[in-house]
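Reviewing the structure listed below.
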Amino acid sequence: MIVVVFGVFLLTMLVVTAVAVVRTENLFVAVMLMSIFSLLMAANFFILDAADVALTEAAIGAGITTVIFLGALALTAQSEQAAVSPKGRFAALAVVTVLAMVMIWATFDKPRLGDPDAPVHQHVAPWYLEQTPELIGIPNVVTAVLGTFRGYDTLGEVFVVFAACIGVLFVLSAGGIRDRSKEADAESIGLKHHLIPKVVGRLLVPFIVLFGLYVQFHGEYGPGGGFQAGAIIATGVILYALLEGETNALRALPRRVLLGMVVGGALLYTLVGVAGILLGGNFLDYSVLASNPVVGQQIGIILIEAGVGITVCGSLLSIFHAFAAREAS
Amino acid sequence: METALDILSWILMTSGGLFVLIGGIGALRLPNIYTRMHAASLTDTMASILVLSGIMLQAGLSLATIKLLAILVFLLLTGPTASYAIANAALLSGMRPDAKEAKADNTKTESQA
Numbered sequence: 143m144i145v146v147v148f149g150v151f152l153l154t155m156l157v158v159t160a161v162a163v164v165r166t167e168n169l170f171v172a173v174m175l176m177s178i179f180s181l182l183m184a185a186n187f188f189i190l191d192a193a194d195v196a197l198t199e200a201a202i203g204a205g206i207t208t209v210i211f212l213g214a215l216a217l218t219a220q221s222e223q224a225a226v227s228p229k230g231r232f233a234a235l236a237v238v239t240v241l242a243m244v245m246i247w248a249t250f251d252k253p254r255l256g257d258p259d260a261p262v263h264q265h266v267a268p269w270y271l272e273q274t275p276e277l278i279g280i281p282n283v284v285t286a287v288l289g290t291f292r293g294y295d296t297l298g299e300v301f302v303v304f305a306a307c308i309g310v311l312f313v314l315s316a317g318g319i320r321d322r323s324k325e326a327d328a329e330s331i332g333l334k335h336h337l338i339p340k341v342v343g344r345l346l347v348p349f350i351v352l353f354g355l356y357v358q359f360h361g362e363y364g365p366g367g368g369f370q371a372g373a374i375i376a377t378g379v380i381l382y383a384l385l386e387g388e389t390n391a392l393r394a395l396p397r398r399v400l401l402g403m404v405v406g407g408a409l410l411y412t413l414v415g416v417a418g419i420l421l422g423g424n425f426l427d428y429s430v431l432a433s434n435p436v437v438g439q440q441i442g443i444i445l446i447e448a449g450v451g452i453t454v455c456g457s458l459l460s461i462f463h464a465f466a467a468r469e470a471s
Numbered sequence: 048m049e050t051a052l053d054i055l056s057w058i059l060m061t062s063g064g065l066f067v068l069i070g071g072i073g074a075l076r077l078p079n080i081y082t083r084m085h086a087a088s089l090t091d092t093m094a095s096i097l098v099l100s101g102i103m104l105q106a107g108l109s110l111a112t113i114k115l116l117a118i119l120v121f122l123l124l125t126g127p128t129a130s131y132a133i134a135n136a137a138l139l140s141g142m143r144p145d146a147k148e149a150k151a152d153n154t155k156t157e158s159q160a
C-alpha cells in the first residue's frame with residue numbers, strides 16, 4: 143500500500159516536472175529540471191525493483207547528461223528562441239492530442255502492473271530465471287541476461303555508444319578546437335581558488351572511482367555492471383576536471399587514451415566473441431572459454447562487462463572534453 | 048528495550064521530517080537567495096543526521112547501519128559544499144547579500160512582472 147502511494151506521488155512529481163521543463167524559457171532551469179526528472183525516474187525504477195536500471199538512470203540521466211547539457215548551454219544561448227507562430231502551435235497541439243489519445247487507448251490492452259500472467263513474463267523470462275543458476279551460476283539474473291543470453295543486443299548497444307561518440311566528436315570538431323596550452327586563462331584553472339569545493343572534491347574523487355570499480359566488478363552479484371560503472375568513473379574524472387581545470391584532467395587522461403578506450407572496449411567485447419569461435423563454439427558463446435562451461439560463462443561476462451565499462455567511460459569523457467574545448471560562438 | 052529503541056528512532060525521524068518541512072517553508076517564504084539557502088541548507092544537514100540516525104536505530108548492528116553511516120558522511124561532506132557553491136555562484140552573478148536592497152529589488156521585479 144505504502145509503495146503504491148509513494149509510486150503515485152513520484153509519478154505525479156514526474157508529470158509536474160515534465161510540464162515545468164516544457165513551460166520554462168530559461169534553458170539553464172530546464173537542464174536542472176531534467177536532472178530532477180531523471181532522479182525521480184530513478185526512484186521510480188527502484189520501487190519497481192529494477193535496481194540496475196535505476197542505477198543507470200541516476201548515473202547517466204541525473205549526473206553526466208546534466209554536465210553535457212551545461213557544456214552545450216555554454217556554447218549556445220541561455221534562453222529559448224521566441225515561440226513559433228500560433229498556427230504552428232495549434233498544429234503541434236493537435237498532433238500531441240491525437241498521439242496522447244492513441245497511447246491512452248493502447249493502455250486499455252495493457253496487463254495490470256506486475257501481473258505474473260502478462261505475456262512479457264510468460265515468454266523467455268521464466269526460462270532465464272530457471273536456467274541462470276544452473277548455466278551461469280551468478281545471482282544477478284539481469285547481468286546474466288544482459289551479458290550472455292542477450293549478448294548480441296549488448297554488443298549492439300556498445301557499438302551504438304561507440305558510433306554516437308564518434309559522431310559527436312565529428313560534429314563538435316567541425317569548427318576547430320581551441321588550443322588550451324597557449325592561453326593560461328581563468329577558465330582552465332578550474333576551481334583552484336575555492337578552497338572548500340577543492341578540498342571536499344579531492345576527498346571524494348578517489349571514493350567515486352572506487353565505487354565505480356565496485357559497481358563494475360560486483361555486477362554479477364548485485365545491481366550494476368559496465369554501463370553504470372563507466373558512467374560513475376567518468377563522473378569522478380569530470381569532477382576532477384571541474385576542480386583542477388580541464389588541462390590537468392587531459393594531462394592525467396589524454397585524448398589519445400580516451401579514444402583508445404572507446405575503441406578498445408568495443409574491440410575487447412568483439413574479440414571475446416571471436417575467441418568463442420576460435421575455441422570451437424559460437425560467436426559470443428562463452429562456455430568454451432574454460433574447461434568448465436559455467437566458469438567460462440563467468441569469465442566471458444567479466445570480460446565483456448569490462449569492455450562495456452571502458453567504452454562507456456571513454457565515450458562520456460571524450461564528449462565532455464569535446465564540449466569543453468569548443469569556443470563559444 | 049525494543050520499544051524504547053523504536054520510540055527513540057521514531058522521535059528522531061519525525062523531528063528530521065519537521066526540519067525538512069521548516070527548511071521547505073523557509074525556502075519558499077524568505078526574501079532573497081541567501082536567506083532561502085540559509086533556511087534550506089542548515090535544516091537539510093540537521094534533518095539528514097536525524098533521519099539517518101533514526102533509520103540506523105531501526106536497522107540495529109548490521110551491514111545496513113555501516114552503509115547508512117557512509118551515506119551520512121557523504122551527505123555531511125557534500126551538502127554544505129553544494130550550499131557554498133550555490134552562494135558563491137549567486138555572489139559571482141552579482142547578487143548582493145543585503146536584506147534591504149534585496150527587498151527593494153524584489154518589490155521592483157514584482158512591480159515589473
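First to last, the protein sequences are chains U and Z.
In terms of our numbering, the first sequence is residues 143 to 471.
In terms of our numbering, the second sequence is residues 48 to 160.
Note that the Cβ used here is the ideal one computed from N, Cα and C, for glycine as well.
Here's the rule: buried if 16 or more other CB atoms are within 10 angstroms of the residue's CB, otherwise exposed. What is residue i?
| i | result |
| --- | --- |
| U/Q370 | buried |
| U/A233 | exposed |
| U/I452 | buried |
| U/Y363 | exposed |
| Z/A51 | exposed |
| U/C455 | buried |
| Z/D91 | buried |
| U/Q223 | exposed |
| U/S323 | Annotation note: pLDDT 48 at U/S323 (below 50); position unreliable, coordinate value reported separately. Exposed, by the Cβ-count rule. |
| U/A326 | A caution first: U/A326 carries a pLDDT of 47, below 50, which makes its placement in the model unreliable, though a value can still be read off. The residue is exposed, with fewer than 16 neighbouring Cβ atoms inside 10 Å. |
| U/R468 | buried |
| U/T198 | buried |
| U/I461 | buried |
| U/L271 | exposed |
| U/N186 | buried |
| Z/I113 | exposed |
| Z/T128 | buried |
| Z/A117 | exposed |
| U/P365 | buried |
| U/Y428 | buried |
| U/D194 | buried |
| U/E167 | exposed |
| Z/M72 | Here the sequence assigns Ile to residue 72 of chain Z, which means Met is not the residue at that position. It counts as exposed. |
Under 9 angstroms Cβ-Cβ, which residues of chain Z neighbour residue i?
| i | result |
| --- | --- |
| U/H360 | Neighbours of U/H360 on chain Z: none; closest Cβ ~14 angstroms, over 9 angstroms. |
What did DSSP end up calling residue i once you bin it into helix, strand or coil?
| i | result |
| --- | --- |
| U/K324 | Here the model assigns U/K324 a pLDDT of 46, short of 50, so the residue's position is not dependable and the matter cannot be decided. |
| U/T453 | helix |
| Z/S56 | helix |
| U/V161 | helix |
| Z/S109 | coil |
| Z/S95 | helix |
| U/N424 | coil |
| Z/S140 | coil |
| U/N390 | helix |
| U/N168 | strand |
| U/S227 | coil |
| U/S433 | coil |
Comparing alpha-carbon positions, which option in the options lies nearest residue i?
| i | options | result |
| --- | --- | --- |
| U/A133 | U/Q439, U/L217, U/R398 and U/A408 | In this structure chain U extends from 143 to 471, so residue 133 of chain U is not present and cannot be described. |
| U/L459 | U/S429, U/I375, U/G418 and U/L420 | U/I375 |
| U/I446 | U/R231, U/T290, U/P258 and U/P253 | U/T290 |
| Z/Y131 | U/V341, U/F349, U/I444 and U/P258 | U/V341 |
| U/P339 | Z/N135, Z/G73 and Z/V67 | Z/N135 |
| U/L311 | U/S457, U/L241, U/L288 and U/F359 | U/S457 |
| U/L190 | U/L152, U/V163, U/N168 and U/Y356 | U/L152 |
| Z/M103 | Z/R83, Z/L115, Z/I58 and Z/L124 | Z/L115 |
| U/V351 | U/A201, U/M174, U/L175 and U/A196 | U/A201 |
List the residues of chain U that residue i touches, going by C-beta distances under 7 angstroms, in chain order.
| i | result |
| --- | --- |
| Z/T128 | I338, P339 and V342 |
| Z/A132 | P339 |
Anything in chain U within Cβ reach of residue i, meaning under 8 angstroms, just list it in chain order.
| i | result |
| --- | --- |
| Z/T125 | V342 and L346 |
Within the 7 angstroms Cβ cut-off, does residue i reach chain A?
| i | result |
| --- | --- |
| Z/I133 | Chain labels in this structure do not include chain A; the protein chains are U and Z. |
Flag residue i as yes when its Cβ comes closer than 6 angstroms to any non-hydrogen atom of the ligand MG, and as no otherwise.
| i | result |
| --- | --- |
| U/A286 | The ligand MG is not part of the structure shown, which contains no ligands of any sort. |
Inset, instruction - Taking a Cβ distance cut-off of 8 angstroms, strictly less, list which residues of the segment 60-90 of chain Z are near chain U, in chain order. - result: none
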